[in-house]
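Here the structure comes first, spelled out in structure tokens, and everything after it is commentary.
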Amino acid sequence: MRIQPRRQLLDVWSSVVRTAFQDGQWTWGGRDESNSISDAEQLLCLLYPATELTNLALDRPDSMADDVAATLSPLGGPTTIPQRLVAVLEEYIKRYTGEDGEPDFAGGSYLRTAADNEAGPDSSGPGVTDEQLRIGVVDSYSMSVTLCLAALGFLGVFRPQAGRRQTGLAERVERLEGAFRDRLTCAMIGLLRSFVVNAVTLNDPEHHHMLRMMNQNNSSDEVVRDQLSDRLLRVRTRLLDDVRIGVNVEVGLDDESKLFECGWGWGVVRNATEVKIALEGTSRINQPFIGSQDGVADPRPYLYSTVLALDGINDLRSSRTRELGLLTDEQRTLNEALQLRWDLTQRYWATIARFGGGKWPLEDIPWQTSDGEEKDYFSLLVSAVLVQDLENREATDDDLNRLVAIFESLAQRGRITRRVTQNDPAVRMHVPGEQIRLGGTAALGPQLYWTIADFAPLLLKRAVQSARLSANVDARDQLMQVAEATMDHLNRRRISHGPAAGLWDDPAEALFPHEDRKPIDAPSWYLTERVVEALVTAARTFADPPLRSPQLRSRALEVLHEADHLLNKEMLDAGADDNPARRATLTGIEATLARARRIVIQQPGTANALANEALRKLDELAVAHLDATRSM
Numbered sequence: 012m013r014i015q016p017r018r019q020l021l022d023v024w025s026s027v028v029r030t031a032f033q034d035g036q037w038t039w040g041g042r043d044e045s046n047s048i049s050d051a052e053q054l055l056c057l058l059y060p061a062t063e064l065t066n067l068a069l070d071r072p073d074s075m076a077d078d079v080a081a082t083l084s085p086l087g088g089p090t091t092i093p094q095r096l097v098a099v100l101e102e103y104i105k106r107y108t109g110e111d112g113e114p115d116f117a118g119g120s121y122l123r124t125a126a127d128n129e130a131g132p133d134s135s136g137p138g139v140t141d142e143q144l145r146i147g148v149v150d151s152y153s154m155s156v157t158l159c160l161a162a163l164g165f166l167g168v169f170r171p172q173a174g175r176r177q178t179g180l181a182e183r184v185e186r187l188e189g190a191f192r193d194r195l196t197c198a199m200i201g202l203l204r205s206f207v208v209n210a211v212t213l214n215d216p217e218h219h220h221m222l223r224m225m226n227q228n229n230s231s232d233e234v235v236r237d238q239l240s241d242r243l244l245r246v247r248t249r250l251l252d253d254v255r256i257g258v259n260v261e262v263g264l265d266d267e268s269k270l271f272e273c274g275w276g277w278g279v280v281r282n283a284t285e286v287k288i289a290l291e292g293t294s295r296i297n298q299p300f301i302g303s304q305d306g307v308a309d310p311r312p313y314l315y316s317t318v319l320a321l322d323g324i325n326d327l328r329s330s331r332t333r334e335l336g337l338l339t340d341e342q343r344t345l346n347e348a349l350q351l352r353w354d355l356t357q358r359y360w361a362t363i364a365r366f367g368g369g370k371w372p373l374e375d376i377p378w379q380t381s382d383g384e385e386k387d388y389f390s391l392l393v394s395a396v397l398v399q400d401l402e403n404r405e406a407t408d409d410d411l412n413r414l415v416a417i418f419e420s421l422a423q424r425g426r427i428t429r430r431v432t433q434n435d436p437a438v439r440m441h442v443p444g445e446q447i448r449l450g451g452t453a454a455l456g457p458q459l460y461w462t463i464a465d466f467a468p469l470l471l472k473r474a475v476q477s478a479r480l481s482a483n484v485d486a487r488d489q490l491m492q493v494a495e496a497t498m499d500h501l502n503r504r505r506i507s508h509g510p511a512a513g514l515w516d517d518p519a520e521a522l523f524p525h526e527d528r529k530p531i532d533a534p535s536w537y538l539t540e541r542v543v544e545a546l547v548t549a550a551r552t553f554a555d556p557p558l559r560s561p562q563l564r565s566r567a568l569e570v571l572h573e574a575d576h577l578l579n580k581e582m583l584d585a586g587a588d589d590n591p592a593r594r595a596t597l598t599g600i601e602a603t604l605a606r607a608r609r610i611v612i613q614q615p616g617t618a619n620a621l622a623n624e625a626l627r628k629l630d631e632l633a634v635a636h637l638d639a640t641r642s643m
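To convert a position in the sequence shown, counted from 1, into my numbering, add 11.
Right, here's the structure in full:
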């Protein structure tokens with residue numbers, strides 16, 4: 012299926028409004044019970060494209076695109092749509108701010124027990140204690156960072172116009188901005204206190220698992236350990252010297268005989284140090300509670316949480332965040348600390364993904380984590396970190412060619428490009444999804460798990476992101492083929508009945524072709540938001556200039572040279588010709604070739620087409636001149 016981001020995003024918007032806005036009221040929740048993450052995902056289905064893609068903007072009513080206004084017409088006209096969004100954002104802040112004024116980042120209904128997982132994704136989650144339901148998670152911190160930045164960008168542009176639209180609206184917008192700034196600060200603190208460095212000794216089981224994954228050439232453990240220590244020396248040194256805020260320094264990282272890993276736990280980790288902010292210039296009287304609350308999570312990185320955190324921090328470092336001045340002075344200080352962790356974490360995982368001189372560990376699918384678990388999904392997560400790292404450094408042809416093979420293999424193993432067989436075990440990766448044990452939660456009640464089921468949209472997002480990096484036409488085409496096959500798979504999983512038709516996820520056709528399953532009509536905001544993210548990434552990819560093939564540019568220059576020569580010859584012959592039509596044709600050809608020369612570097616294919624069109628017209632003139640000569 013061809014990926015058409017604008018049309019597909021507008022289709023999603025139409026379905027979101029039809030589902031969530033009923034009888035003049037915004038309806039929260041979907042397949043899962045409403046929680047801080049699910050409701051943020053629901054809002055981001057609208058706000059993320061609107062703030063990331065200029066042609067879908069909702070913050071300037073006077074310049075709103077006609078198709079955007081038509082799609083969102085159930086919310087009102089162009090002047091009413093942003094006001095409706097302000098009201099919905101106010102409602103979100105009210106729902107997820109406690110009576111003490113502290114932001115709520117609880118996982119809520121997304122937290123499940125083993126019994127809930129067996130009962131399926133629609134289980135209500137009995138057995139989870141109230142204390143456990145209130146646990147904050149990295150998924151909420153990261154999603155809140157993205158939502159807060161989207162909301163602040165939208166509100167900041169809309170505020171100057173709000174005073175002209177409705178009495179008191181500008182004041183509401185200003186208060187709302189303050190609330191989202193406070194939530195953003197707390198979410199950033201949550202991310203800082205969830206970062207962890209885990210050092211392991213020779214006797215730890217993790218040491219064996221890590222060496223096994225790195226050793227792709229059957230070298231001795233001592234050789235692999237020494238090489239790995241050397242490759243990661245810069246990361247280790249900067250973790251020791253520069254990473255201070257929110258990290259327990261007593262991890263033994265100064266012992267070079269220990270292997271280590273860094274990234275984000277699933278929540279604020281046990282023994283995380285306190286984080287305090289300067290209260291001057293804020294609306295706060297007391298330090299944020301999240302900066303000192305006890306951590307629950309096991310102090311080790313989780314790949315899923317690490318990718319989520321990196322994505323959230325990536326939004327903090329975007330050019331849009333800088334250009335709109337969305338961060339306060341205190342937030343910029345927190346951001347610097349997060350940027351350092353972002354950079355070191357990406358360097359770490361990119362290094363071990365490509366470690367060694369031959370076959371990459373990442374190419375050895377499935378990836379095995381330090382706790383010994385092996386999943387195809389983990390390979391996709393490590394690929395996601397590598398792609399993000401390559402986007403910020405120069406990717407080589409070898410990097411992209413290997414990624415092509417990895418993504419193609421994952422698409423096959425994930426039954427994206429291969430048919431689903433009877434009782435296919437690969438289906439569980441999508442439905443109900445992979446289950447991650449949340450280490451540390453058993454101290455507060457039953458052992459909790461987190462369900463991750465975004466394999467397909469994550470593959471789509473990273474494939475188009477990789478295509479954006481590729482300067483190789485063949486590699487780009489292969490990556491786009493993976494992306495289009497994944498989009499086709501996801502299209503077959505759209506809900507087809509009820510108000511949520513067009514949203515995700517009804518997996519019956521794509522993943523259960525051998526079963527007669529009841530249609531699903533309640534949306535998963537979790538999966539829908541991930542698809543929206545992937546479509547926004549695709550839109551960015553398509554907005555870039557086309558690939559500039561050196562071979563095509565050389566061919567275009569050759570054709571231009573021939574066309575220029577023939578044009579000059581025709582102009583010589585036209586010196587004694589008083590035919591105005593002939594002169595007009597030659598002037599048009601001259602303009603076409605001038606345009607081709609201007610764009611031959613950026614668009615060699617277009618330049619080649621223009622030069623060929625000029626050659627065709629020149630040949631017509633030459634034939635006409637020859638015929639006229641013969642008839643004399």
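Here a beta-carbon is modelled for each residue, glycine too, at the ideal position from N, C-alpha and C.
Given the structure is predicted, the values throughout are model-derived calculations rather than measurements.
For a test of the three-state rule: what should DSSP assign to residue i, helix, strand or coil?
| i | result |
| --- | --- |
| leucine 603 | Correcting the residue type first, residue 603 is threonine in the shown sequence and not leucine. Three-state result, threonine 603: helix. |
| glycine 274 | strand |
| alanine 81 | helix |
| leucine 373 | helix |
| glycine 136 | The pLDDT assigned to glycine 136 is 45, lower than 50, so where the model puts this residue is not dependable; a value taken from the coordinates is nonetheless given after this. Of the three classes helix, strand and coil, the one that applies to glycine 136 here is coil, per DSSP. |
| tryptophan 24 | helix |
| isoleucine 288 | coil |
| threonine 293 | coil |
| threonine 38 | coil |
| isoleucine 506 | coil |
| valine 156 | helix |
| phenylalanine 523 | coil |
| alanine 308 | strand |
| glutamine 379 | strand |
| glutamate 569 | helix |
| arginine 448 | strand |
| leucine 629 | helix |
| glutamate 384 | coil |
Just to confirm, are residue i and residue j a CB contact at a threshold of 9 Å?
| i | j | result |
| --- | --- | --- |
| serine 411 | serine 394 | The residue you asked about is not serine; residue 411 is leucine in the sequence shown. No. |
| alanine 61 | alanine 51 | no |
| leucine 392 | tyrosine 460 | no |
| tyrosine 152 | alanine 320 | yes |
| arginine 204 | isoleucine 301 | yes |
| proline 72 | glutamine 177 | no |
| valine 27 | cysteine 56 | yes |
| asparagine 209 | serine 381 | yes |
| isoleucine 417 | isoleucine 376 | yes |
| valine 543 | tyrosine 121 | no |
| isoleucine 296 | aspartate 150 | no |
| leucine 20 | leucine 64 | yes |
| asparagine 346 | proline 310 | no |
| alanine 620 | valine 611 | no |
| aspartate 409 | tryptophan 360 | no |
| valine 139 | proline 457 | yes |
| leucine 455 | glutamate 113 | no |
Leaving out five residues on either side along the sequence, give the residues of the same chain with a beta carbon under 6 Å from the beta carbon of residue i.
| i | result |
| --- | --- |
| arginine 541 | Asp465, Pro468 |
| glycine 3 | Residue coverage of the chain in this structure runs from 12 to 643, which leaves residue 3 outside it and unanswerable. |
| isoleucine 288 | Glu341 |
| serine 135 | Since pLDDT at serine 135 reaches only 42, below the 50 mark, its modelled position is unreliable, and no value is offered. |
| arginine 29 | Pro510 |
Residue i bridges to which residues according to DSSP?
| i | result |
| --- | --- |
| glutamine 94 | Glutamine 94 is not bridged to any residue. |
| threonine 124 | Leu459 |
| glycine 147 | Ala117 |
| valine 208 | Cys273 |
| tryptophan 536 | According to DSSP, tryptophan 536 bridges with nothing at all. |
| phenylalanine 32 | Trp37 |
Under 9 Å between C-beta atoms, does residue i make it to chain D?
| i | result |
| --- | --- |
| leucine 55 | Among the chains of the structure shown, chain D does not appear; only one protein chain is present. |
Keeping to the same chain, check which residues put their C-beta closer than 7 Å to that of residue i; ignore five residues upstream and five downstream.
| i | result |
| --- | --- |
| tryptophan 24 | Leu57, Thr82, Leu83 |
Query raised in the report: Should the stretch 477-485 be regarded as contacting the stretch 503-521, the criterion being three or more beta carbon pairs within less than 8 Å?
Result: Contact between the stretch 477-485 and the stretch 503-521 is absent, because fewer than three Cβ pairs lie under 8 Å.
**Report entry** Three or more C-beta pairs below 8 Å linking the stretch 164-183 and the stretch 138-151
**Finding:** no
Requested in this report: Flag this pair as touching only if the stretch 89-108 and the stretch 176-191 have three or more C-beta atom pairs under 8 Å; answer yes or no.
Outcome: With the cut-off at 8 Å, the stretch 89-108 and the stretch 176-191 touch.
Query raised in the report: Would the stretch 38-53 and the stretch 520-535 be scored as touching if the rule is three or more Cβ pairs under 8 Å?
Result: Because the criterion of three Cβ pairs below 8 Å is met, the stretch 38-53 and the stretch 520-535 touch.
Query raised in the report: Pairing CB atoms from the stretch 263-277 with CB atoms from the stretch 83-92, are three or more of them under 8 Å?
Result: no
Query raised in the report: Counting pairs of Cβ atoms below 8 Å between the stretch 372-390 and the stretch 331-347, do you hit three or more?
Result: no
Requested in this report: For the stretch 559-574 and the stretch 597-613, state whether three or more C-beta atom pairs, one from each stretch, are separated by less than 8 Å.
Outcome: yes
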